[in-house]
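Novice: Numbers given in the working numbering equal positions in the sequence shown, counted from 1, plus 8.
A virtual CB, placed ideally from N, CA and C, is assigned to each residue, including glycine.
Starting off with a structure, shown below.
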Amino acid sequence: DRYAAAFGPFKSDIRPAREPWHYERGDVILGCGGYDPFRSYLIFARIRHVADHGAPRGGGVIGRVVTGRGVIDRFGEGDQITGVERVLQRADRSHATITHDAGFLLEDGMQVLSYLEVDVQGFSKEEIDTTAARSVEYFLLSVQDGRFKVDRSSSTYISDTHLVPTAVPTEFPGPRLEGTVTVRTSGKSMGAVYIYTQAVSPSPVHTVVGRVAHGIDLARFAGEGDLLAIRAEPERFDLIGLAVDEAKAVAARRGVTLTPDVAGGDRIVVGQSPETTLEVLATGEVRVETESPDRVIAVTLYEAAAPRSVKIFREATGLKHHALGKMPLIFIFEDVYLFKPKIEKSVGIIPENTPSGEVPAFMLAMTNDSRRGVGMVGVRTVANAEFGPTSEPFTGTNIIGKVLDPENLAGLREGSTVYVREVR
9 DRYAAAFGPF KSDIRPAREP WHYERGDVIL GCGGYDPFRS YLIFARIRHV
59 ADHGAPRGGG VIGRVVTGRG VIDRFGEGDQ ITGVERVLQR ADRSHATITH
109 DAGFLLEDGM QVLSYLEVDV QGFSKEEIDT TAARSVEYFL LSVQDGRFKV
159 DRSSSTYISD THLVPTAVPT EFPGPRLEGT VTVRTSGKSM GAVYIYTQAV
209 SPSPVHTVVG RVAHGIDLAR FAGEGDLLAI RAEPERFDLI GLAVDEAKAV
259 AARRGVTLTP DVAGGDRIVV GQSPETTLEV LATGEVRVET ESPDRVIAVT
309 LYEAAAPRSV KIFREATGLK HHALGKMPLI FIFEDVYLFK PKIEKSVGII
359 PENTPSGEVP AFMLAMTNDS RRGVGMVGVR TVANAEFGPT SEPFTGTNII
409 GKVLDPENLA GLREGSTVYV REVR
């Protein structure tokens, strides 16, 4: 049929899972008819589709057509597969040179690999499948600066853990073949991105987010601590934090129609719908929520001095995921502004970067676990030698940064949502 071509039947020992799976064009599937392993088939997926091919748990994908995909479309009744030969591909370090030296002398015949390119799950020029939209969005966030930090390297994969821990949904638990890119969805490494250099069995705690289209040998030779250049297709579509005019320009370049909630004015995008790149590109439309720049405060964060507190602040405000975060302003008293971002009670805020002496004006602070007001964020508009920006003693105060545009504080009101932009 238009979805797949099947060869068989023959006998196998598979155990059909009796449920549908997602398949990509070129997937080679081992399935069976009528859930009977004695009537098994070798199936070639012609287009992206969802089907129950009588495959075992995980979808039964045993390989992928990498060259000659046009032949799949010409398969017809009566055609036969007359032979199957395994092609082994090995990465031989004896014929490869790994260097960080930009002045390395190149010779004729050398092939230079300098970056990885990944096609994300569900995206093609012909159609866009949004089944894995949220997990793909997380992957695009992870690599949006064009870097893949190899925190762990093994014989079968390399992984980047810089956003661990982050909750990511399991949307496409497909096969982990060579070149497959996944995100771990549970456990201590939840949120780690994996690139597989060798096929391994499927896992229920990994969701597929893409496939390497270029540079897999770079991943094979990478070692722990290496920093790889990486590109993803498509690039992330995230307008949050942009001025409306900038957002319109980005949308026009991507062929997307943008509709703001308020026409005209010098406003900042604080939200977008749909939220994910694949959903926006699939519909070709995006609606944005905007606010006045007066409700945005710019801050610099002291990550080196208070790494855990800064990480918690970014997570709670949304700065971990977007260029603009937000938090509610709950109290203003004389020279103190108090905010309460949503922080889970299980999150421990240990004392770090506690002040001594006088705290200058406009320092940004978070109350640590030693005080009842743990998790409160505050700013003082005047210096104080006794209490920190959250009105707590110095022992209960973690200094996490500084407000760069204090003039915007004067226009804020209790009960309002304040938007935060990090300046690095």
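1. Give me the Cα-Cα distance between E311 and P268, rounded to the nearest whole angstrom.
2. Could you tell me which residues DSSP puts in a beta bridge with V277?
3. Determine which residues share a DSSP beta bridge with N416 and list them.
4. Counting C-beta neighbours from all protein chains within 10 Å, is the total for K334 16 or more, i.e. buried, or is it exposed?
5. So R26 packs on Y49, CB below 8 Å; how close in whole Å?
6. Within its chain, find whatever has a CB closer than 6 Å to the CB of H61; leave out the 5 residues flanking it on each side and keep chain order.
7. Check G386 in the structure and name its three-state DSSP category.
8. Could you tell me how far apart the beta carbons of G154 and A237 are, in whole angstroms, since I believe they sit closer than 8 Å?
9. Identify which residue in R65, R82 and S424 has its Cα closest to the Cα of A53.
10. Compute the Euclidean distance between the alpha carbons of E179 and V216, then round it to the nearest angstrom.
11. DSSP three-state label for S354, please.
12. Taking only runs that begin and end inside the region 82-166, name each unbroken beta strand (DSSP E) of 3 or more residues, in chain order.
13. Using the beta-carbon count (16 or more within 10 Å), is G383 buried or exposed?
14. DSSP three-state call for F339: helix, strand or coil?
15. Look at the alpha carbon of E93 and the alpha carbon of G356, and state the distance between them as a whole number of angstroms.
16. Taking V288 as part of the alpha helix (DSSP H), name the residues at either end of that continuous run.
17. Return yes when the Cβ of R77 is within less than 7 Å of the Cβ of G34, no when it is not.
18. Using the C-alpha atoms, what's the distance from G292 back to G263?
19. Please report the distance separating the alpha-carbon of D9 from that of T164.
20. With contact counted as at least three CB pairs below 8 Å, one residue from each stretch, are the region 364-379 and the region 397-416 in contact?
21. When you compare only the Cα positions, how much space is there between L171 and V191?
22. Between R142 and the rest of its own chain, which residues show a CB-CB distance below 7 Å, the 5 nearest in sequence each way excluded?
23. Which residues does DSSP list as the beta-bridge partners of T425?
24. From what residue to what residue does the alpha helix (DSSP H) around E366 run?
25. Between the alpha carbons of E186 and S300, how many angstroms are there, rounded?
Specialist: Taking the structure as given:
1. In the sequence shown, the residue the question calls residue 311 occupies position 303. In the sequence shown, the residue the question calls residue 268 occupies position 260. Between E311 and P268, the C-alpha separation is close to 34 Å.
2. For the purposes of this step, residue 277 is taken as residue 269 along the sequence shown, with counting starting at 1. Looking at the DSSP assignment, V277 forms a beta bridge with T298.
3. Taking the first residue of the sequence shown as position 1, residue 416 is located at position 408. Bridge partners of N416: none, in fact.
4. Along the sequence shown, read from residue 1 onward, the residue named residue 334 stands at position 326. Buried, since its Cβ has 16 or more Cβ neighbours within 10 Å.
5. Translated into positions along the sequence shown, residue 26 becomes position 18. Translated into positions along the sequence shown, residue 49 becomes position 41. Going by Cβ atoms, the distance from R26 to Y49 rounds to 16 Å, so no, they are not a contact pair.
6. Working through the sequence shown from its first residue, we reach residue 61 at position 53. Correct list, in chain order: I37, G39 and I51.
7. Taking the first residue of the sequence shown as 1, we reach residue 386 at position 378. In this structure, G386 counts as strand in the three-state DSSP scheme.
8. The residue labelled residue 154 in the question sits at position 146 within the sequence shown. The residue labelled residue 237 in the question sits at position 229 within the sequence shown. So it is a contact: roughly 6 Å between Cβ atoms.
9. For the purposes of this step, residue 53 is identified with residue 45 of the sequence shown, where counting begins at 1. Considering only alpha carbons, the answer is R82.
10. Position 171 of the sequence shown, counted from the first residue, corresponds to residue 179. Position 208 of the sequence shown, counted from the first residue, corresponds to residue 216. Looking at the two C-alpha atoms, the distance is approximately 8 Å.
11. The residue labelled residue 354 in the question sits at position 346 within the sequence shown. In the structure shown, S354 sits in coil (DSSP, three-state: anything other than H, G, I, E or B).
12. 124-128 and 155-157
13. Along the sequence shown, one-based indexing puts residue 383 at 375. By the neighbour-count rule (16 or more Cβ atoms within 10 Å), G383 is buried.
14. Counted from its first residue, the sequence shown places residue 339 at position 331. Note: F339 maps to strand in three-state DSSP.
15. Numbered from its first residue, the sequence shown carries residue 93 at position 85. Numbered from its first residue, the sequence shown carries residue 356 at position 348. Distance between the alpha carbons of E93 and G356 is about 56 Å.
16. As a first step, residue 288 must be located in the sequence shown, where it is residue number 280. Start and end: T285 to T291.
17. Here residue 34 refers to the residue found at position 26 when the sequence shown is read from its first residue. Here residue 77 refers to the residue found at position 69 when the sequence shown is read from its first residue. Yes, Cβ-Cβ distance for G34 and R77 is below 7 Å.
18. Against the sequence shown, residue 263 aligns to sequence position 255. Against the sequence shown, residue 292 aligns to sequence position 284. Cα to Cα, G263 sits roughly 7 Å from G292.
19. Counting from one through the sequence shown, the residue named residue 9 turns up at place 1. Counting from one through the sequence shown, the residue named residue 164 turns up at place 156. Looking at the two C-alpha atoms, the distance is approximately 36 Å.
20. yes
21. Here residue 171 corresponds to residue number 163 of the sequence shown, with the count starting at 1. Here residue 191 corresponds to residue number 183 of the sequence shown, with the count starting at 1. Their Cα atoms are separated by approximately 11 Å.
22. Here residue 142 refers to the residue found at position 134 of the sequence shown. Excluding residues within five positions, the ones whose Cβ falls inside 7 Å are P177, E179 and T284.
23. Position 417 of the sequence shown, counting from 1, holds the residue named residue 425. DSSP output for T425 lists P336 as bridge partner(s).
24. Along the sequence shown, one-based indexing puts residue 366 at 358. It is not in any alpha helix (DSSP H) - E366 carries neither H nor E in the DSSP assignment.
25. Here residue 186 refers to the residue found at position 178 of the sequence shown. Here residue 300 refers to the residue found at position 292 of the sequence shown. Near 48 Å, if we compare the C-alpha coordinates of S300 and E186.
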